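S.K.: Numbered by full-length UniProt numbering, the letters in the sequence shown go through residues 1 to 723 in order. Beta carbons are placed, not taken as given, at the ideal position from N, Cα and C, and that holds for glycine. These numbers were taken from a predicted model, which means no experiment stands behind them. Questions regarding the structure given below will be posed in turn.
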Amino acid sequence: MSHPAESSDSKGGAKRDFSTAILERKKSPNRLIVDEAVNDDNSVVAMHPNTMEKLQLFRGDTILIKVCFFFSLFVFHLNGKKRKDTVCIALADETCEEPKIRMNKVVRSNLRVRLADVVSVHQCPDVKYGKRVHILPLDDTIEGITGDLFDAYLKPYFMEAYRPVRKGDNFLVRGGMRSVEFKVIETDPGEYCVVAPDTEIFCEGEPVRREDEDRLDEVGYDDVGGVRKQMAQIRELVELPLRHPQLFKSIGVKPPKGILLYGPPGSGKTLIARAVANETGAFFFCINGPEIMSKLAGESESNLRKAFEEAEKNAPSIIFIDEIDSIAPKREKTNGEVERRIVSQLLTLMDGLKSRAHVIVMGATNRPNSIDPALRRFGRFDREIDIGVPDEVGRLEVLRIHTKNMKLSEDVDLEKIAKDTHGYVGADLAALCTEAALQCIREKMDVIDLEDDSIDAEILNSMAVSNEHFHTALGTSNPSALRETVVEVPNVSWEDVGGLENVKRELQETVQYPVEHPEKFEKFGMSPSKGVLFYGPPGCGKTLLAKAIANECQANFISIKGPELLTMWFGESEANVREIFDKARQSAPCVLFFDELDSIATQGGVWDLGCSEGCIFSRFCSIMQDIEKERRRGENPDSMDEDVDDEVAEIKAAHFEESMKYARRSVSDADIRKYQAFAQTLQQSRGFGSEFRFSETAGTGGASGTDPFATSAAGADEDDLYG
Numbered sequence: 001m002s003h004p005a006e007s008s009d010s011k012g013g014a015k016r017d018f019s020t021a022i023l024e025r026k027k028s029p030n031r032l033i034v035d036e037a038v039n040d041d042n043s044v045v046a047m048h049p050n051t052m053e054k055l056q057l058f059r060g061d062t063i064l065i066k067v068c069f070f071f072s073l074f075v076f077h078l079n080g081k082k083r084k085d086t087v088c089i090a091l092a093d094e095t096c097e098e099p100k101i102r103m104n105k106v107v108r109s110n111l112r113v114r115l116a117d118v119v120s121v122h123q124c125p126d127v128k129y130g131k132r133v134h135i136l137p138l139d140d141t142i143e144g145i146t147g148d149l150f151d152a153y154l155k156p157y158f159m160e161a162y163r164p165v166r167k168g169d170n171f172l173v174r175g176g177m178r179s180v181e182f183k184v185i186e187t188d189p190g191e192y193c194v195v196a197p198d199t200e201i202f203c204e205g206e207p208v209r210r211e212d213e214d215r216l217d218e219v220g221y222d223d224v225g226g227v228r229k230q231m232a233q234i235r236e237l238v239e240l241p242l243r244h245p246q247l248f249k250s251i252g253v254k255p256p257k258g259i260l261l262y263g264p265p266g267s268g269k270t271l272i273a274r275a276v277a278n279e280t281g282a283f284f285f286c287i288n289g290p291e292i293m294s295k296l297a298g299e300s301e302s303n304l305r306k307a308f309e310e311a312e313k314n315a316p317s318i319i320f321i322d323e324i325d326s327i328a329p330k331r332e333k334t335n336g337e338v339e340r341r342i343v344s345q346l347l348t349l350m351d352g353l354k355s356r357a358h359v360i361v362m363g364a365t366n367r368p369n370s371i372d373p374a375l376r377r378f379g380r381f382d383r384e385i386d387i388g389v390p391d392e393v394g395r396l397e398v399l400r401i402h403t404k405n406m407k408l409s410e411d412v413d414l415e416k417i418a419k420d421t422h423g424y425v426g427a428d429l430a431a432l433c434t435e436a437a438l439q440c441i442r443e444k445m446d447v448i449d450l451e452d453d454s455i456d457a458e459i460l461n462s463m464a465v466s467n468e469h470f471h472t473a474l475g476t477s478n479p480s481a482l483r484e485t486v487v488e489v490p491n492v493s494w495e496d497v498g499g500l501e502n503v504k505r506e507l508q509e510t511v512q513y514p515v516e517h518p519e520k521f522e523k524f525g526m527s528p529s530k531g532v533l534f535y536g537p538p539g540c541g542k543t544l545l546a547k548a549i550a551n552e553c554q555a556n557f558i559s560i561k562g563p564e565l566l567t568m569w570f571g572e573s574e575a576n577v578r579e580i581f582d583k584a585r586q587s588a589p590c591v592l593f594f595d596e597l598d599s600i601a602t603q604g605g606v607w608d609l610g611c612s613e614g615c616i617f618s619r620f621c622s623i624m625q626d627i628e629k630e631r632r633r634g635e636n637p638d639s640m641d642e643d644v645d646d647e648v649a650e651i652k653a654a655h656f657e658e659s660m661k662y663a664r665r666s667v668s669d670a671d672i673r674k675y676q677a678f679a680q681t682l683q684q685s686r687g688f689g690s691e692f693r694f695s696e697t698a699g700t701g702g703a704s705g706t707d708p709f710a711t712s713a714a715g716a717d718e719d720d721l722y723g
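This is the structure:
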């Protein structure tokens, strides 16, 4: 059976992945690359004459320019509160390359794009002459200016120019010795119009504050990195039902009602929800879990009902419930009656949503298993999306987002930083950038006087975050998923370990090589070892070796003392083991070092241990066995290195002879005698009467003389241990 998100090509049988089809670029001649303008006019953009001919544009036409969001290799339009479009006059320029469009800094700022970004150009035949426009200056550009701004700046700027303006756009007017920045507050008619000679221009009112312009809470898709596949799923489940409900109606299925985002703290769940709200243009109602709780009986449920009623009135809309586990815990584990009623009310409200109501419910939590199971079914939260720890490519995207406004030195290597930050989520990378900037500031504290009102411009210009600052910040930070368990970041190297050369070599082959060269193991079809057991007298360097190998392969290091896993509560010890392995998976590659392992895994088997120790040991063994299954499930043929498909070197007998020097038996003679005694006791209790033992030489006949580890010519029936 093929994967539902894949389709086979009819010719070559190759499978195409449709999981990110919604993000794919639709080729069109009207998609152009942003280039620097030669003419520094706020209302003019320039294109090559051939480009204008393809788009059926003439010199002086008013055009609508929209932003195409560049997400990896995919492009799509943005809509909603974080609008990114503007209107300009098109001019032809023979020197402009194809397919590029030249625009000045003011136009790029209105579109919130940079050079080499992608925009789409559209004809704008419905633009009308404006009746009235309301324009106000920005407060920080008019300090010290006296006189009438209209006569000095606006009137000469718009005089006989027929400039198109867009509501919400800023534009810069140069006059005399100063430049003043203005904002278009309102236009009539429509959201964009052309300022003609008979258009009334109003400029009364308080100047616009710059702080209101640069609001940091207006995040968009370009502020979210490392979650390309997750964003594709969210756009399918949110934007398609809201913008094109006829797609579901034509097929005859109900659109999804809810999405549950889960993942470790700091992975970007709330950020994604805010970005979706700003970009879709839907009414957004945010419910922070604890905020709806009330001490008055029935008021909590009433607050929840009001939120859903408000969302239905303003459809299409999105209801976002942050920290949903705080208001919808498992009812069987909840002592309070209020929590049970809120869960029941939420279930009723989600079931009461009409299939065509155009209301989507989004929830976010870092504890999905704490939510009531009744919510986690189709018709309520239809899809659960894991916003997990980003991989190396995802971390690089996040770093580029957080450093786009930072002043970096030329020696900063973001790719190397992304490679060294295993297990870091978006919040950790943001904290890393902040710590690197603080380190840069600390170096200049000897020339900065805190008592001064201002800092010398020469000092400010000399400050830049370098690669050394990031390296120092890495030494003082660690992934948030490990902050409860990690003891320290190992700084032990091989030079700190004396002797033990053979042990070092084996550790490098067993632990370091799979981390640094996974493609070689895939190439030879080998599975890396799951674990290494250190044994020896106290003080011989077992813990030191574990720290050294973790430091050498730049892996995260978690040290656990065996007795730390034991608790007095039933089931808590096994949960501790599971939690530690979950944290290690989130922060992979990771070295788990179990010190004093003999305290939970003594010789003799599970039946010789106490109840708690036996359960821990069983849980430990089952997780170790699952590691290999997870590794095989995680192998994606599409993401394998091309070198993996190359022909491997021939493995000869000499290779096996060398490997036999380090091979050992998995079953000792004592184990064989123990199993023989157990089998004999079992046979006697069942009344078989025949004695069982492992044969020392390969036999050809009866059950008692057959070596179960040798291939018998008598067939498979001769291999039965009990004859």
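Going by DSSP in three states, Leu115 sits in which element: helix, strand or coil?
M.R.: For this step, residue 115 is matched to residue 115 along the sequence shown. Three-state result, Leu115: coil.
S.K.: Pull up the CB-CB distance for Tyr153 and Val173, whole angstroms please, since I reckon it's below 8 angstroms.
M.R.: Sequence index remark: in the sequence shown, residue 153 carries index 153 (1-based). Sequence index remark: in the sequence shown, residue 173 carries index 173 (1-based). So it is a contact: roughly 4 angstroms between Cβ atoms.
S.K.: So for Tyr192, helix, strand or coil by DSSP?
M.R.: The residue labelled residue 192 in the question sits at position 192 within the sequence shown. Correct three-state label for Tyr192: strand.
S.K.: Going by DSSP, what residue range makes up the beta strand (DSSP E) through Met103?
M.R.: Your numbering for residue 103 matches position 103 in the sequence shown. Run containing Met103: Lys100 to Met103, per the beta strand (DSSP E) assignment.
S.K.: I'd like to confirm the pairing. Which residues does DSSP put opposite Asp172 in its beta bridges?
M.R.: Your numbering for residue 172 matches position 172 in the sequence shown. The displayed chain sequence assigns Leu, not Asp, to residue 172. Leu172 pairs with Glu181.
S.K.: Which one of Phe202, Pro329 and Ser179 has the shortest CA to CA distance from Ile185?
M.R.: Mapped onto the sequence shown, residue 185 falls at position 185. The shortest Cα separation from Ile185 among Phe202, Pro329 and Ser179 belongs to Phe202.
S.K.: For a quick check, are the C-beta atoms of Gly130 and Ala196 less than 8 angstroms apart?
M.R.: Taking the first residue of the sequence shown as position 1, residue 130 is located at position 130. Taking the first residue of the sequence shown as position 1, residue 196 is located at position 196. In this structure, Ala196 lies closer than 8 angstroms to Gly130 by Cβ.
S.K.: Applying the criterion that 16 or more other CB atoms from any shown protein chain within 10 Å of the CB defines a buried residue, is His517 buried or exposed?
M.R.: On the sequence shown, residue 517 is found 517 positions in, with the first residue counted as 1. So His517 ends up on the exposed side.
S.K.: If we count the other Cβ atoms within 10 Å of its Cβ and call it buried at 16 or more, is residue 745 buried or exposed?
M.R.: No statement about residue 745 is possible, as the shown extent of the chain runs from 1 to 723 and does not include it.
S.K.: By a C-beta neighbour count over all protein chains shown, 10 Å radius and 16 as the cutoff for buried, is Asn110 buried or exposed?
M.R.: Position 110 of the sequence shown holds residue 110. When all chains shown are included, Asn110 counts as buried.
S.K.: Would you list, in sequence order, the uninterrupted beta strand (DSSP E) runs of no fewer than 3 residues that lie entirely inside the region 489–537?
M.R.: Counting only runs of 3 or more, we get nothing.
S.K.: If you follow the beta strand (DSSP E) that Ala430 is in, where does it begin and where does it stop?
M.R.: In the sequence shown, counting from the first residue as 1, residue 430 sits at position 430. No beta strand (DSSP E) contains Ala430, which is instead part of the alpha helix (DSSP H) from Gly426 to Glu443.
S.K.: What is the rounded straight-line gap between the Cα of Trp494 and the Cα of Leu533?
M.R.: As a first step, residue 494 must be located in the sequence shown, where it is residue number 494. As a first step, residue 533 must be located in the sequence shown, where it is residue number 533. If I take the Cα positions, the gap works out to 19 angstroms.
S.K.: Taking the alpha-carbon of Arg166 as reference, which of Phe557, Arg585, Cys88 and Glu236 has the nearest alpha-carbon?
M.R.: Sequence index remark: in the sequence shown, residue 166 carries index 166 (1-based). Minimum Cα distance to Arg166 is reached at Cys88.
S.K.: Could you check how far apart the C-beta atoms of Leu64 and Ala90 are, in whole angstroms? I think they sit under 8 angstroms.
M.R.: The sequence position of residue 64 within the sequence shown is 64, counting from 1. The sequence position of residue 90 within the sequence shown is 90, counting from 1. Their Cβ separation, rounded to whole angstroms, is 11 angstroms, which puts Leu64 and Ala90 out of contact at 8 angstroms.
S.K.: Spatial neighbours of Asn303 within its chain, please: C-beta separation below 6 angstroms, excluding the five flanking residues on both sides.
M.R.: Along the sequence shown, read from residue 1 onward, the residue named residue 303 stands at position 303. Around Asn303: Ile292.
S.K.: Output yes or no for whether 8 angstroms exceeds the beta carbon distance between Gly379 and Lys257.
M.R.: By 1-based counting over the sequence shown, the position of residue 379 is 379. By 1-based counting over the sequence shown, the position of residue 257 is 257. Yes, the pair counts as a contact, with Cβ atoms nearer than the cut-off.
S.K.: Cα-Cα, which of Ile441, Phe678, Cys433 and Asn314 is closest to Asn405?
M.R.: As a first step, residue 405 is located in the sequence shown; it is residue number 405 there, counting from the start. Closest option to Asn405, Cα to Cα, is Cys433.
S.K.: Give every residue of the same chain whose Cβ lies closer than 6 angstroms to the Cβ of Thr141, excluding the five residues on either side of it in the sequence, and list them in chain order.
M.R.: As a first step, residue 141 must be located in the sequence shown, where it is residue number 141. Within the same chain, Thr141 has close Cβ partners Val180 and Glu181.
S.K.: At 3 residues or longer, and completely inside the UniProt domain "AAA+ ATPase" (255–391): list those beta strand (DSSP E) runs for me, N to C.
M.R.: Taking only runs of at least 3 residues, the beta strand (DSSP E) segments lying wholly in the UniProt domain "AAA+ ATPase" (255–391) are 258–262, 283–288, 317–322, 359–365 and 383–386.
S.K.: Give me the Cβ distance between Asp322 and Ala364, rounded to the nearest whole Å; I'm assuming they're in contact under 8 angstroms.
M.R.: As a working note, residue 322 is residue 322 in the sequence shown. As a working note, residue 364 is residue 364 in the sequence shown. Right, their Cβ atoms sit about 5 angstroms apart.
S.K.: Grouping DSSP H, G and I as helix and E and B as strand, with all else coil, what is Thr472?
M.R.: As a position in the sequence shown, residue 472 is number 472, starting the count at 1. Residue state, collapsed to three classes: helix.
S.K.: Could you pull the start and end residues of the beta strand (DSSP E) that Ile33 belongs to?
M.R.: As a first step, residue 33 is located in the sequence shown; it is residue number 33 there, counting from the start. Start and end: Arg31 to Glu36.
S.K.: Pull up the DSSP beta-bridge partners for Arg585, would you.
M.R.: In the sequence shown, counting from the first residue as 1, residue 585 sits at position 585. DSSP lists no partner for Arg585.
S.K.: For Ala584, which residues in the same chain have their Cβ closer than 7 angstroms to its Cβ, ignoring the five residues on either side in sequence?
M.R.: Position 584 of the sequence shown, counted from the start, is the residue given in the question as residue 584. For Ala584, where only same-chain residues beyond five positions count, the Cβ hits under 7 angstroms are Ile558, Cys590 and Leu592.
S.K.: DSSP three-state call for Ser161: helix, strand or coil?
M.R.: To locate residue 161, count along the sequence shown from 1; it is residue 161. Residue identity check: residue 161 is Ala in the sequence provided, not Ser. DSSP places Ala161 in coil when its eight states are reduced to three.
S.K.: Quick one: Cα of Ala328 to Cα of Glu206, how far?
M.R.: Working through the sequence shown from its first residue, we reach residue 328 at position 328. Working through the sequence shown from its first residue, we reach residue 206 at position 206. Rounded to the nearest angstrom, the two C-alpha atoms are 46 angstroms apart.
S.K.: In the DSSP output, which residue or residues are listed as bridge partners for Lys561?
M.R.: By one-based count along the sequence shown, residue 561 stands at place 561. Its beta-bridge partners are Asp595.
S.K.: Can you tell me where the alpha helix (DSSP H) holding Met47 begins and where it ends?
M.R.: If you number the sequence shown from 1, residue 47 lands on position 47. Here Met47 belongs to no alpha helix (DSSP H); instead the beta strand (DSSP E) covers Val44 to Met47.
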